[in-house]
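**Q**
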Amino acid sequence: MEIGKIDSVWRYPVKGMRGEEVPHIYTSYTGLMGDRIYGVVAADGDPGHPWHTGRNQEEFLLYKANYQSSDKLLLPDNLDASYSEWEPGIDPLYPDSDAFKVTVETPDGVIYDDIEGGTFITDLEKLTGRSLRIHTTQRGIFDARPVSIFSLSAAAKLSEELNMDIDKRRFRANFYVAWNNQDDPFYENSLVGKTLKIGEWLEVVIVERDPRCTMITLDPDTAEATPKLLQHVSRKHDGDAGVFAAVLRRGRVNKGDSIFLK
Amino acid sequence: MTEHHRDNLSDELSAERLVETFRLTLDGKEHIVPIAAEETLLQAALAAGIDAPHNCTKGRCGSCMSKLRNGQISMASTQALSPRNKERGYVLACQSRPSSSVPIWLDFDF
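So the sequences go chain by chain: U and F.
Start counting the first sequence at 1; every next residue gets the next number (my numbering).
Start counting the second sequence at 1001; every next residue gets the next number (my numbering).
1) Please name the residue in F/SER1099, F/SER1082, F/THR1002 and F/CYS1094 whose C-alpha comes closest to that of F/ALA1052.
2) Check the C-beta distance from F/GLY1062 over to F/PHE1022 and give it rounded, since I have them as a contact under 8 Å.
3) Go through the stretch 137 to 186 of chain U residue by residue and report every complete run of the alpha helix (DSSP H) that reaches 4 residues or more, in order.
4) U/SER70 by DSSP, collapsed to three states: which one?
5) Could you tell me which whole alpha helix (DSSP H) segments of length 4 or greater appear in the stretch 56 to 122 of chain U?
6) Buried or exposed for U/MET215, going by 16 or more other Cβ atoms inside 10 Å?
7) Report yes if the CB atom of U/ARG209 is closer than 7 Å to the CB atom of U/VAL243, and no otherwise.
8) Taking 7 Å as the CB-CB limit, is F/SER1014 close to chain U?
9) Sorted by chain position, which residues of the same chain lie with C-beta nearer than 6 Å to U/ILE259's C-beta, five sequence neighbours on each side aside?
10) For F/LEU1092 and U/ASP91, what's the separation of their Cα atoms in angstroms?
11) Name the two residues that bound the continuous beta strand (DSSP E) containing U/VAL204.
12) Are the CB atoms of U/PRO95 and U/LYS72 within a distance shorter than 7 Å?
13) Opposite U/ASP46 in the DSSP bridges: which residues?
14) Would U/PRO227 be called buried (16 or more neighbouring beta carbons within 10 Å of its own) or exposed?
15) Can you tell me the Cα-Cα spacing of U/ASP257 and U/PRO88, whole angstroms?
16) Could you check what DSSP says for U/SER234 in three-state terms: helix, strand or coil?
17) So U/ASN56 contacts chain F; which residues on that side make the cut at Cβ distance below 7 Å?
18) What are the residues that DSSP puts in a beta bridge with U/HIS24?
19) Along the chain, where does the beta strand (DSSP E) that runs through F/LEU1068 open and close?
20) Reducing DSSP to helix, strand and coil, say where F/THR1111 ends up.
21) Using a beta-carbon distance below 7 Å, is F/CYS1094 in contact with chain U?
22) Could you pull the start and end residues of the alpha helix (DSSP H) that F/PRO1083 belongs to?
23) Here's a check: name, in chain order, each residue in its chain whose Cβ is nearer than 8 Å to the Cβ of U/GLN138, leaving out the five neighbours to either side.
24) I think U/HIS24 touches U/ARG252, with their Cβ atoms under 8 Å apart; what is that distance to the nearest whole Å?
25) On the premise that U/TRP51 lies in contact with U/GLY39, defined as a C-beta separation below 8 Å, what is that separation, rounded to the nearest angstrom?
26) How long is the line joining the alpha carbons of F/ASP1027 and F/ALA1076, rounded to whole angstroms?
27) My output table needs one value for U/LYS15: the three-state DSSP class, helix, strand or coil.
28) Would you say U/SER69 reaches chain F, if we count a Cβ-Cβ gap shorter than 7 Å as a contact?
29) Please report the distance separating the alpha-carbon of U/THR103 from that of U/ARG250.
30) So which residues of chain F does U/GLY242 contact, with C-beta pairs closer than 8 Å?
31) Kindly list, in the order they appear in chain U, the residues whose Cβ is closer than 7 Å to that of F/HIS1054.
32) Quick one: using the 10 Å Cβ neighbour count with 16 as the cut-off for buried, is U/ASN163 buried or exposed?
This is how it looks when you write it as structure tokens:
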């Protein structure tokens, strides 16, 4: 049964920075290709969550990170072979590390072409007063689960409840979805424990609702904080917005793909 | 209008209290909230039946962020507070305990 469609696909090359919308993406057992490959670790961070993000420096959310070889990081070269020759599907070969290099632009227009070896960290340390370092992995740095899903209807309903425009990008999801269900704006909450097929290949199980923090209070275009949004989510929605998924069968996902309930 | 809560708070909790009550603003309403020794401001508010915003209660999510308009508190953790929010006088109610006898005013409508 089709229950909705993929409205847009997003990944976040550097954890905590602005995301990028992509037309399609390979999604592995460890999340979307190119999602949260880099993170900035703070020496004085919480041992359980040492990442420097907009929670520590609001404008960090406005930093733009783009892959210098973005097209190479959408679909692995041997993806088709890995579909057809091996069941239930072997995780395909990712490009070598050079393909994952990013360019970062700050809100002030300063551009860094090498965030691992250049002055990026030094400048960020001066700006924040923190001791920082870059951490990188090809398989994603997630707080909780490899895939996050948030519906357009949830954003619209929260906008209505708060009488303000709530930009979906506050929720930093991988897949923004449009549900066919018109009666429940938070339909994704009812899918916890259910298995979904997305597009031709991807299968995920919705494992839990997504508990939120101060990141959703930040306007994605200005980094101005609206704490009442998080207050509202905590009081009226049990602190959750959107859902997390785990990947059961990996594959390509396209903008506009149908979502089926298995 | 100001609402007073927990009129029957046990005397046994009063021995080490720096303040007996604190003022809390939420949804445009003023509350006078009794607080026991060792209680956080959030614990006291919830015990008084006030629907104060909260979620993790560990100082991580920031749902209970509020503005300390008066008084002095100490926080066990400030992980969810950015330097900017600290400068603005925001606190985490779940981590905040009175640290002096100066009357406390906690504002969730900041």
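Beta carbons are placed, not taken as given, at the ideal position from N, Cα and C, and that holds for glycine.
None of these values were measured; they are calculated from a predicted model.
**A** In this structure, then:
1) Selected option, being the one with the closest Cα: F/CYS1094.
2) At roughly 20 Å, the Cβ-Cβ gap does not stay under 8 Å, so F/GLY1062 and F/PHE1022 are not in contact.
3) Runs found: 152 to 162.
4) Three-state DSSP puts U/SER70 in a helix.
5) Runs of the alpha helix (DSSP H) lying entirely within the stretch 56 to 122 of chain U and spanning at least 4 residues, in chain order: 79 to 84.
6) Answer is buried; the Cβ neighbour count reaches 16.
7) A contact, by the Cβ cut-off of 7 Å.
8) Unreliable positioning characterises F/SER1014 in this predicted model, as indicated by a pLDDT of 47, which lies under 50. The coordinate reading is nonetheless provided below. Not an interface residue.
9) ILE3, GLY4, LEU196 and ILE198, listed in sequence order.
10) Each residue's Cα considered, the two are about 43 Å apart.
11) Boundaries of the beta strand (DSSP E) harbouring U/VAL204: 202 to 211, taken from the DSSP string.
12) Yes, they are a contact pair.
13) For U/ASP46, which the question treats as bridged, DSSP gives the partners U/HIS49.
14) Burial call: buried.
15) Distance from the CA of U/ASP257 to the CA of U/PRO88, rounded to the nearest whole angstrom, comes to 21 Å.
16) Correct three-state label for U/SER234: helix.
17) Within chain F, the residues near U/ASN56 are SER1082.
18) According to DSSP, which records beta bridges pairwise, U/HIS24 is partnered with U/ASN254.
19) It spans 1065 to 1070 - the beta strand (DSSP E) in which F/LEU1068 sits, taken as one unbroken run.
20) Chain F is shown from 1001 up to 1110; residue 1111 of chain F falls before or after that span and cannot be answered.
21) Chain U, which has no Cβ nearer than 7 Å to the Cβ of F/CYS1094, makes this no.
22) 1083 to 1087 is the extent of the alpha helix (DSSP H) around F/PRO1083.
23) So the qualifying residues of the chain are ILE37, TYR94, SER97 and PHE100.
24) The C-beta distance from U/HIS24 to U/ARG252 rounds to 6 Å, short enough to fall under 8 Å.
25) Taking C-beta atoms under 8 Å as the contact rule, U/GLY39 and U/TRP51 qualify, at a distance of about 5 Å.
26) When rounded, the separation of the alpha-carbon atoms in F/ASP1027 and F/ALA1076 is 27 Å.
27) It is coil, neither helix nor strand.
28) No, its Cβ sits nowhere closer than 7 Å to a Cβ of chain F.
29) Distance between the alpha carbons of U/THR103 and U/ARG250: 28 Å.
30) Correct list: empty, because the minimum Cβ distance to chain F is about 15 Å.
31) Correct list: SER234.
32) So U/ASN163 ends up on the exposed side.
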